[in-house]
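Residue numbers (our numbering), protein chains in the order written: chain A, 142 to 252; chain B, 142 to 252.
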């Protein structure tokens, strides 16, 4: 099935996972997945959170991201990918002027 | 953790899933996921296959794809996404002159 993000309403999610400012996202959700295209404007962050029952895979479309992954920091550029396996923690942050746009998949594996 | 596809060797996979020509892919694999950036040149296809224990989420980066999904056909453009839930079948095909480049995640859920 096709997911056309342009046909999904964009929602602004303030303080997502306890982060700063808002994440804007067009999101498809079923019982096994969240599939989204998200944007973090300058200064916006997704707060640090642990994937206890799911993983997350993020592909950077534009902008430059800073990822806190467990106790490390990663810089993410367009075409690069971040993988947070089940049991790990991360926080995506945009410290640049340019919006950070990304595609993300969150598969749900259960406990 | 960061996955930088440029640092992963590109492999040419002929007749992938019984398809035509080859898929070129840079792929990260662990027990729960396949995460890849793939290319289909003109005339290349991924053969029709069923996701019995996994799903697949494909995000189109460039080019134009034709997707056979169960008994329907979808056209996929850059920025669009295809989702094949567990239990469904699909075949990605490139009938255009331009290469079809995509990002894909295959989460493994088990039987």
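For every residue, glycine included, the Cβ atom is placed at its ideal position computed from N, Cα and C.
Interface partners of residue i on chain B, CB under 8 Å
i: residue 244 of chain A; result: 200, 222 and 244
In DSSP terms, what residue i is bridged to
i: residue 248 of chain B; result: B:174
i: residue 237 of chain B; result: The partner list for residue 237 of chain B (beta bridge, DSSP) is empty, contrary to what the question assumes.
Sub-8 Å separation of residue i and residue j beta-carbons
i: residue 200 of chain B; j: residue 243 of chain B; result: yes
i: residue 154 of chain B; j: residue 186 of chain B; result: no
i: residue 222 of chain A; j: residue 144 of chain B; result: yes
i: residue 169 of chain B; j: residue 176 of chain A; result: no
i: residue 184 of chain A; j: residue 240 of chain A; result: no
i: residue 188 of chain A; j: residue 220 of chain A; result: no
i: residue 198 of chain A; j: residue 246 of chain B; result: yes
i: residue 249 of chain B; j: residue 191 of chain B; result: no
i: residue 206 of chain B; j: residue 217 of chain B; result: yes
i: residue 165 of chain A; j: residue 151 of chain A; result: yes
i: residue 208 of chain B; j: residue 174 of chain B; result: no
i: residue 235 of chain B; j: residue 202 of chain B; result: no
i: residue 146 of chain A; j: residue 178 of chain A; result: yes
Cross-chain neighbours of residue i in chain A, by beta carbon under 7 Å
i: residue 248 of chain B; result: 248
Within chain B, the residues that residue i reaches when beta carbons sit closer than 9 Å
i: residue 217 of chain A; result: 143
What are the residues in the region 145-175 of chain A lying within 9 Å of chain B by C-beta distance? When C-beta distances to chain B are compared with 9 Å, the residues of the region 145-175 of chain A below that value are 145, 146, 147, 169, 171, 173 and 174, in chain order.
- Any residues in the region 180-211 of chain A with a beta carbon nearer than 7 Å to a beta carbon of chain B? Which ones, in chain order? The region 180-211 of chain A vs chain B, Cβ under 7 Å: 196, 198, 200 and 210.
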